[in-house]
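Enquirer:
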Amino acid sequence: MLLRVVTHWLPSIAAAAAVFLFGRLLVRLAVRMIDQASRRARMDETLAKFLGNFASIILQLVVCIAALSCLGIDTTSLSAVLVASGFAIGMALQGSLGNVASGVLLVFFRPFRVGDTIEVAGVTGRVVEIQIFNTLLLSPDNVRIILPNASITGGTIRNLSAEPNRRIDLVIGCSYNDPLREVRRLLEQIVAAEPRILADPAPVIAVSELAESSVNFVVRPWVRSADYHAVRFSLTEQIKLGFDDRGLTIPFPSRDVFIHHSGTESASTVFEAAASAA
Numbered sequence: 152m153l154l155r156v157v158t159h160w161l162p163s164i165a166a167a168a169a170v171f172l173f174g175r176l177l178v179r180l181a182v183r184m185i186d187q188a189s190r191r192a193r194m195d196e197t198l199a200k201f202l203g204n205f206a207s208i209i210l211q212l213v214v215c216i217a218a219l220s221c222l223g224i225d226t227t228s229l230s231a232v233l234v235a236s237g238f239a240i241g242m243a244l245q246g247s248l249g250n251v252a253s254g255v256l257l258v259f260f261r262p263f264r265v266g267d268t269i270e271v272a273g274v275t276g277r278v279v280e281i282q283i284f285n286t287l288l289l290s291p292d293n294v295r296i297i298l299p300n301a302s303i304t305g306g307t308i309r310n311l312s313a314e315p316n317r318r319i320d321l322v323i324g325c326s327y328n329d330p331l332r333e334v335r336r337l338l339e340q341i342v343a344a345e346p347r348i349l350a351d352p353a354p355v356i357a358v359s360e361l362a363e364s365s366v367n368f369v370v371r372p373w374v375r376s377a378d379y380h381a382v383r384f385s386l387t388e389q390i391k392l393g394f395d396d397r398g399l400t401i402p403f404p405s406r407d408v409f410i411h412h413s414g415t416e417s418a419s420t421v422f423e424a425a426a427s428a429a
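Just remember that my numbering sits 151 ahead of the position in the sequence shown, which is counted from 1.
1. Have a look at Ser163 and Asn300 and give me their C-alpha separation to the nearest angstrom.
2. Could you check whether Ser364 and Leu311 sit closer than 8 angstroms to each other, using their CB atoms as the reference points?
3. Is DSSP giving Arg261 helix, strand or coil here?
4. Does DSSP put Ser312 in a helix, a strand or coil?
5. Ile401 and Cys325 look like a contact to me (Cβ under 8 angstroms); what is the Cβ gap, rounded to whole Å?
6. Taking just the CA atoms, how far does Thr268 sit from Leu202?
7. So, helix, strand or coil for Leu244, using DSSP?
8. Per DSSP, what kind of secondary structure is Thr400 in: helix, strand or coil?
9. Is the beta carbon of Ile296 less than 8 angstroms from the beta carbon of Gly254?
10. Within the same chain, show all residues whose beta-carbon is closer than 8 angstroms to that of Ala313, passing over the 5 residues directly before and after it, in chain order.
11. My assumption, with CB atoms under 8 angstroms, is that Gln211 sits in contact with Val178. Please give the rounded CB distance.
12. Quick check: what's the CA-CA separation for Val366 versus Ile410?
13. For Val408, which three-state DSSP category applies?
14. Can you list, in chain order, the residues of its chain whose CB lies under 8 angstroms from that of Ala199, leaving out five sequence neighbours each side?
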């Protein structure tokens, strides 16, 4: 009896195993061919990886169905069961399906690419990979961040690498007692001495505001996007050192408070030191 059962099912099991193993090899070969074809066509790396992952999932599902059919299982009814199960799972995993749809949108509309630095969903990082469900970022302090694709497409995306040049925006306050022309000359000298600042567009240095406690200058030079942070840090340091060397003042915000005593007109002024406004 046992021998008869084994003899009956052994060819089917062997055929199913052969189909499964051979099918897995074909899936790997197909994914490799897709990768090579995308490279020859100079396809975007993000799109190529996404298509490779998607093709791998679909082809492996086909291989599994083919292997089950070798065992005599009715794949027609199995397909119906899979469709019904897929619908039920889809209702339970609406968020995950939304991530898949968002991944497709990210790949085809390409608001950013692998290697770009972006700000999205309150985090900043370099794009490492766009997967079917998630996007992987690497933060400036080398922390890997995994973001669901739906959270990216549902918010504002700032691509910091999309353009070759960026503008640095600095607000520098000086005391009302400091000579404006001297402050302007100092800022112009510091900007001119920085070799990474672009000549075109020309830097802007101007008085932007007569604030409560300071006269505010805006310093707006243009740099290569890759040099943005390094130049910003350098300018901030050089401006502070230049102010110190010339005896110029970067004032804290202050407020005049008049205290009246028993109806008299005497008043005293109290200066409140506070953190500099952003």
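Cβ coordinates follow ideal geometry from the N, Cα and C atoms, glycine included.
Expert: Reading it off the structure:
1. Within the sequence shown, the letter at position 12 stands for residue 163. Within the sequence shown, the letter at position 149 stands for residue 300. Straight-line Cα distance between these residues: approximately 42 angstroms.
2. Along the sequence shown, one-based indexing puts residue 311 at 160. Along the sequence shown, one-based indexing puts residue 364 at 213. Taking 8 angstroms as the cut-off, the beta carbon of Leu311 is found no closer than this to the beta carbon of Ser364.
3. Sequence index remark: in the sequence shown, residue 261 carries index 110 (1-based). In the structure shown, Arg261 sits in coil (DSSP, three-state: anything other than H, G, I, E or B).
4. Against the sequence shown, residue 312 aligns to sequence position 161. If DSSP states are grouped into helix, strand and coil, Ser312 belongs with coil.
5. Numbered from its first residue, the sequence shown carries residue 401 at position 250. Numbered from its first residue, the sequence shown carries residue 325 at position 174. Going by Cβ atoms, the distance from Ile401 to Cys325 rounds to 7 angstroms, so yes, they are a contact pair.
6. Position 51 of the sequence shown, counting from 1, holds the residue named residue 202. Position 117 of the sequence shown, counting from 1, holds the residue named residue 268. For the pair Leu202 and Thr268, the Cα-to-Cα distance works out to about 23 angstroms.
7. For this step, residue 244 is matched to residue 93 along the sequence shown. Interpretation of Leu244 is limited by its pLDDT of 48, a score under 50 that renders its predicted location unreliable; no figure is taken from the coordinates.
8. For the purposes of this step, residue 400 is taken as residue 249 along the sequence shown, with counting starting at 1. Of the three classes helix, strand and coil, the one that applies to Thr400 here is coil, per DSSP.
9. As a first step, residue 296 must be located in the sequence shown, where it is residue number 145. As a first step, residue 254 must be located in the sequence shown, where it is residue number 103. No; because the gap between Cβ atoms is not below 8 angstroms, this pair is not in contact.
10. The residue labelled residue 313 in the question sits at position 162 within the sequence shown. In the same chain as Ala313, and ignoring 5 residues on each side of it, the C-beta atoms closer than 8 angstroms to its own belong to Phe263, Asp267, in chain order.
11. Working through the sequence shown from its first residue, we reach residue 211 at position 60. Working through the sequence shown from its first residue, we reach residue 178 at position 27. Indeed, because the Cβ distance is near 6 angstroms, the residues count as touching under 8 angstroms.
12. Position 215 of the sequence shown, counting from 1, holds the residue named residue 366. Position 259 of the sequence shown, counting from 1, holds the residue named residue 410. Approximately 27 angstroms between the Cα atoms of the pair.
13. Taking the sequence shown and counting its residues from 1, one reaches residue 408 at position 257. It is coil, neither helix nor strand.
14. Reading the sequence shown from its first residue, position 48 is the one you call residue 199. So the qualifying residues of the chain are Ile185, Asp186, Ser189, Arg190.
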